[in-house]
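Residue numbers (our numbering): 3 to 132.
Written as structure tokens, this is what we have:
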């Protein structure tokens, strides 16, 4: 597995590593049960502090994407995460549906609702980049 961190982006290195591991799992490059490199090994390959890898692995374990086994390493748990993600998306769709219904009741048209959603998504992305 090849990960590449870019210190000049302004984004914390552990977040970059988390995003790359997530992407590898979502794209199928990492499969359920795959073992990730050890903390020291990966830290040396990426030329970062082991604490950076520990933080990324710990956060991903908290999200349910990794399982950390003392003395054995970090293992991908895609199936559990996929179920959890499916539940999250289902709940989000339900909530968005309720909001759209309420906005229609208030008299907003489809195109107005769409523009509001797109504007808010764009604004949220801009806030995150700052």
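Note that CB positions come from ideal geometry on N, CA and C, so glycine has one too.
Residue nearest to residue i in terms of C-alpha spacing, selected from the options
i: residue 80; options: 7, 93, 38; result: 38
i: residue 49; options: 126, 5, 30, 96; result: 5
i: residue 52; options: 59, 42, 58; result: 42
i: residue 68; options: 93, 33, 113; result: 33
i: residue 29; options: 78, 93, 120; result: 78
i: residue 59; options: 18, 113, 99; result: 18
Residues of its chain near residue i, where Cβ-Cβ distance is below 8 Å and the 5 sequence neighbours each way are ignored
i: residue 61; result: 16, 20
Beta-bridge pairing of residue i - partner residues as DSSP gives them
i: residue 46; result: Bridge partners of residue 46: none, in fact.
i: residue 78; result: 68
i: residue 37; result: 77
For residue j and residue i, the rounded distance between their alpha carbons
i: residue 24; j: residue 54; result: 16 Å
i: residue 63; j: residue 111; result: 42 Å
i: residue 122; j: residue 108; result: 19 Å
i: residue 104; j: residue 7; result: 44 Å
i: residue 71; j: residue 125; result: 40 Å
i: residue 101; j: residue 65; result: 27 Å
i: residue 95; j: residue 89; result: 10 Å
i: residue 116; j: residue 26; result: 31 Å
i: residue 91; j: residue 45; result: 33 Å
i: residue 119; j: residue 22; result: 27 Å
i: residue 97; j: residue 73; result: 42 Å
i: residue 106; j: residue 11; result: 41 Å
i: residue 57; j: residue 47; result: 16 Å
i: residue 169; j: residue 13; result: No answer is possible for residue 169: it lies beyond the span of the chain, which begins at 3 and ends at 132.
Chain-order list of residues whose beta-carbon lies under 7 Å from that of residue i (same chain, five-residue window excluded)
i: residue 9; result: 15
i: residue 75; result: 37, 38, 40
i: residue 35; result: 77, 78
Interface flag, residue i vs chain B, CB-CB below 8 Å
i: residue 34; result: Of the protein chains in this structure there is only one, and it is not chain B.
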